[in-house]
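Below: one structure, written as structure tokens.
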Amino acid sequence: MRLFITLTLLLSVLQATAQEICDNGIDDDGNGLIDLQDDQCLCSGVSVGLPSDNLIPNPGFEEFNCCPANFAQIYCDEFWQSQNTTSPDFHHECDYLGLTGLDAGILPPPSGEGAAGIITSPVWQEYLNTCLSEPLVEGLVYTFEVDIASAPANETMETCAGGDIWYSDFELTLFGSTDCLENPQIGFGCPTDNGPGWQVLGSVTYSPGNVWTTVGFSFTTDLPIQSLALGGPCELPLSYESIEQFCYPYFYFDDLLLTTPLNAEADMTILSAGNLCDENAVLTASIEADGGTWQWYLDDVALLGETSATLSLSAQDYPAGNYTAVYFLDGNCQSVSTDVSDQSEFTASSEVTICSNESFFLPDGTQVGESGSYEVFADNGELCDSLLTIDLTVLPIGEGQTTLGVCQGETLVLEDGQIITEAGTYTVVLNATNGCDSLVTTTVEALTTPQALFSFTSSGSFPNITLEFENLSTEATEYLWEFPGSTSEAIEPEWQTTSGVGEICLTAISEDACTDRFCSSFGFVEEFSFYCPNAFTPDNDGLNEAFGPVVRGYDPDSYVFEIWNRWGDLIFRTTSPQERWIGNDRGGEYYVQDGVYTWQARVRPLGEAEVLLFAGHVVLLR
85 MRLFITLTLL LSVLQATAQE ICDNGIDDDG NGLIDLQDDQ CLCSGVSVGL
135 PSDNLIPNPG FEEFNCCPAN FAQIYCDEFW QSQNTTSPDF HHECDYLGLT
185 GLDAGILPPP SGEGAAGIIT SPVWQEYLNT CLSEPLVEGL VYTFEVDIAS
235 APANETMETC AGGDIWYSDF ELTLFGSTDC LENPQIGFGC PTDNGPGWQV
285 LGSVTYSPGN VWTTVGFSFT TDLPIQSLAL GGPCELPLSY ESIEQFCYPY
335 FYFDDLLLTT PLNAEADMTI LSAGNLCDEN AVLTASIEAD GGTWQWYLDD
385 VALLGETSAT LSLSAQDYPA GNYTAVYFLD GNCQSVSTDV SDQSEFTASS
435 EVTICSNESF FLPDGTQVGE SGSYEVFADN GELCDSLLTI DLTVLPIGEG
485 QTTLGVCQGE TLVLEDGQII TEAGTYTVVL NATNGCDSLV TTTVEALTTP
535 QALFSFTSSG SFPNITLEFE NLSTEATEYL WEFPGSTSEA IEPEWQTTSG
585 VGEICLTAIS EDACTDRFCS SFGFVEEFSF YCPNAFTPDN DGLNEAFGPV
635 VRGYDPDSYV FEIWNRWGDL IFRTTSPQER WIGNDRGGEY YVQDGVYTWQ
685 ARVRPLGEAE VLLFAGHVVL LR
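Under this note's numbering, the residues of the sequence shown are numbered 85 to 706, in order.
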């Protein structure tokens, strides 16, 4: 008796601690739940890799702060700058494309309107630098791609060496830093030589050519990288020496991409074919993943041996029920289920409602259109025909008439969304709550429409000019004049302007409230003049502290004023005629030395198409 009790207790403990096996059709842990019925067999999903969003801002060099007017203006491009104290180039169809790129057929770029370019030589190595939209995560695998093309160029972006590429394969290198730099680092070499915090993330070999090519590589990092620098390796081959004076290997870049795979649950489906009545029922499961195994279940209990993606129900004489396909991969599983009905013979009835202008097709193909009760056999298969009774109700549709008006040149939207521009008779379909739409015949009449027109004469001289108007409108009873800054309802008003240019509009209103609008521009142009001094003294004495031209009678949208130092560096640029140079370098806190500086201005006189170019020198004395 004591031995029997001990064995019973032992069996109970073994059952309580047993692990449920999820594909053997047995209640392994003795809790009354088999396979998928047990919570121990819940599936967490199978993951597949998807690419993340691009982490590089403005990857195609399309966005810009200013339109480049020359080489060495990468600072005009949004989010991009030079990593060191060299001067990469920004090419964009808005104004500037380098001659060597045009000659080689590289520019304009095939994708978008912008591209960037760098010189790469032992004495002058340029690098593009940008901050990432979010830091890189240590240990993740990242994929980098870029479109690249090459052609030799001199320092002013003109073709040299006859356009022939003499330099060898290029080891395109990507550098990373944990800091996001606000200004370039001092130096003319690679990032790791210019300052601390930079490391090589990866590189790829590119054979230089005039055709755009996509290259790339994958890498991981052990630091939270926040900014990238792109260019040549720190040690260049001997072939990258210039073969003629000021002629360098040059590389163009476009469409940069930096992504990392994201995990997402794989798509999974079951397709059914045939039916149990015709003894040809088949289920087929599919998933967007590879390398796993299948197991089928009926009402959450495993069907032993059914480990294919296809399950032939009729061939194995499986009954109706809930079927589940489970896919196992790398210790995870994902499932999808479908119900299969027995489709046995039955008798059923249904109610159907249609409108009087519609017909209904019975399951046997018979077309009916009158209210009544119809009996028909439905073919569910050779063995499972069913008798159906269909009670059909036919509802009437409503009809009506209405009249509306439309002004000439205007549109009228009817209740059903029709857009009407001409007089005529139209049928409007109105949705009804019972599902049977009503038909409304709408007559659209043409309303009296005015025609607005006027002329004017002027007296006085700029800037005090009086305009007198002659109203030439027809079919109108009311008028509304719109002047710059004021309005009038007079028939023929007088108006005085001091603005020089502008637009006057007249709205004519008919007795049917139809309107017509006519506008005419006026312009009294101030005479163009341009003057620029040749010296200024920013010494804080309150006299002659700033420098810039005085311009009158010009289009302010065309104005560009720039100043360079003796080395050709752009130190001041503005598109505002009111902004003056106070002697600082690119708007910063550093002030340049006394000396002679070169300036250039572009401006278009009012009323003329040509933009004029002015240039000269200015002496800065403190």
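Every residue, glycine too, gets a C-beta built ideally from N, C-alpha and C. Owing to the predicted nature of the structure, the values given are computational and were not obtained by experimental measurement.
### Message
Using a 10 Å radius around the Cβ and a threshold of 16 neighbouring Cβ atoms, would you call residue 699 buried or exposed?
### Response
The residue is exposed, with fewer than 16 neighbouring Cβ atoms inside 10 Å.
### Query
From residue 480 to residue 555, what does the alpha carbon distance come to, in whole angstroms?
Approximately 57 Å, taken between the alpha carbons.
### Query
If you draw a straight line from the C-alpha of residue 362 to the C-alpha of residue 195, how long is it?
Looking at the two C-alpha atoms, the distance is approximately 57 Å.
#### Entry: Assumed close pair residue 334, residue 237 - CB separation to whole angstroms, cut-off 8 Å
Indeed, because the Cβ distance is near 4 Å, the residues count as touching under 8 Å.
### Message
With DSSP as the reference, identify every bridge partner of residue 687, one or two as the case may be.
### Response
In the DSSP assignment, residue 687 is bridged to 696.
### Distance between residue 500 and residue 443 (C-alpha atoms, nearest Å)
Rounded to whole angstroms, the separation of the alpha carbons of residue 500 and residue 443 is 23 Å.
### Task
Go through its chain and collect everything with a Cβ distance to residue 140's Cβ below 6 Å, but skip five positions before and after it.
340, 342.
### Query
Do residue 511 and residue 490 come within 9 Å of each other at the CB atom, strictly closer than that value?
Result no, Cβ atoms of residue 490 and residue 511 do not sit closer than 9 Å.
### Task
Pull up the distance between the alpha-carbon of residue 644 and that of residue 198, whole angstroms please.
If you draw a straight line from the Cα of residue 644 to the Cα of residue 198, it comes to about 21 Å.
### Message
Does residue 670 pass the burial test, meaning 16 or more other C-beta atoms within 10 Å, or should it be called exposed?
### Response
Per the 10 Å Cβ criterion, exposed.
### Query
Does the region 415-422 come within contact of the region 434-454, defined as at least 3 CB pairs closer than 8 Å?
With the cut-off at 8 Å, the region 415-422 and the region 434-454 do not touch.
### Task
Report yes if the C-beta distance between residue 477 and residue 534 is below 9 Å; otherwise report no.
In this structure, residue 534 does not lie closer than 9 Å to residue 477 by Cβ.
### Contacts around residue 410, its chain only, beta-carbon distance under 6 Å, and the 5 residues preceding and following it disregarded
Correct list, in chain order: 379, 417, 419.
### Message
Check for me: the alpha helix (DSSP H) holding residue 275 runs from which residue to which?
### Response
Start and end: 275-278.
### Contacts around residue 434, its chain only, beta-carbon distance under 8 Å, and the 5 residues preceding and following it disregarded
For residue 434, where only same-chain residues beyond five positions count, the Cβ hits under 8 Å are 472, 473, 474, 475.
### Message
In chain order, what are the residue ranges of uninterrupted beta strand (DSSP E) at least 3 long that sit wholly in the region 512-596?
### Response
Fully enclosed beta strand (DSSP E) runs of 3 or longer: 522-530, 538-545, 548-555, 562-567, 570-572, 578-581, 585-593.
### Task
Put residue 251 into one of helix, strand or coil per three-state DSSP.
When DSSP states are grouped into helix, strand and coil, residue 251 belongs to the coil group.
### Query
Could you give the residue range of the beta strand (DSSP E) that holds residue 408?
Note, residue 408: beta strand (DSSP E), 405-413.
### Query
What residues are listed by DSSP as bridge partners for residue 418?
Paired residues: 411.
### Query
What three-state label does DSSP hand residue 245 in the structure shown?
Of the three classes helix, strand and coil, the one that applies to residue 245 here is helix, per DSSP.
### Query
Which of helix, strand or coil does DSSP assign to residue 215?
Look at residue 215 here: in three-state DSSP terms it is strand.
#### Entry: Cα-Cα separation, residue 173 to residue 203
If I take the Cα positions, the gap works out to 9 Å.
### Message
Quick check: what's the CA-CA separation for residue 117 versus residue 214?
### Response
Cα to Cα, residue 117 sits roughly 59 Å from residue 214.
### Task
Could you tell me how far apart the beta carbons of residue 254 and residue 182 are, in whole angstroms, since I believe they sit closer than 8 Å?
That pair is no contact at about 18 Å.
### Message
Below 8 Å on the Cβ atoms is my contact criterion, and I expect residue 413 with residue 358 to pass it. Report the Cβ-Cβ distance as a whole number of Å.
### Response
That belief does not hold up - the Cβ atoms of residue 413 and residue 358 are roughly 29 Å apart, past 8 Å.
### Task
Note down, in chain order, each residue of its chain lying with its Cβ closer than 6 Å to the Cβ of residue 697, except the 5 sequence neighbours on either side.
Counting only Cβ-Cβ distances below 6 Å, and skipping sequence neighbours, we find 686.
### Message
Taking the alpha-carbon of residue 221 as reference, which of 673, 262, 231 has the nearest alpha-carbon?
### Response
If you compare the alpha carbons of 673, 262, 231 with that of residue 221, the shortest gap goes to 262.
### Task
Indicate whether the contact test is met: 3 or more Cβ pairs, each with one atom in the region 604-613 and one in the region 651-663, closer than 8 Å.
Contact between the region 604-613 and the region 651-663 is absent, with fewer than three C-beta pairs closer than 8 Å.
### Uninterrupted beta strand (DSSP E) stretches inside the region 354-381 (no shorter than 3 residues)
As far as the region 354-381 is concerned, its whole beta strand (DSSP E) runs of at least 3 residues are 366-371.
### Task
Would you mind working out which of 586, 304, 289, 306 sits nearest residue 298, comparing C-alpha positions?
It is 289 whose Cα lies nearest to the Cα of residue 298.
### Query
Any idea which residues DSSP pairs residue 424 with across the strands?
DSSP output for residue 424 lists 405 as bridge partner(s).
### Query
What is the DSSP secondary structure of residue 184, reduced to helix, strand or coil?
Of the three classes helix, strand and coil, the one that applies to residue 184 here is helix, per DSSP.
### DSSP three-state assignment for residue 510, whether helix, strand or coil
It is a strand residue.
### Task
Use the C-beta contact count for residue 573: other C-beta atoms within 10 angstroms, 16 or more gives buried, fewer gives exposed.
When all chains shown are included, residue 573 counts as exposed.
#### Entry: Contact belief for residue 529 with residue 487 at Cβ below 8 Å, rounded distance in angstroms
The distance from the Cβ of residue 529 to that of residue 487 is about 7 Å, consistent with a contact at the 8 Å cut-off.
### Query
With C-beta atoms as the reference, is residue 350 less than 9 Å away from residue 129?
Remark: C-beta atoms of residue 350 and residue 129 approach each other more closely than 9 Å.
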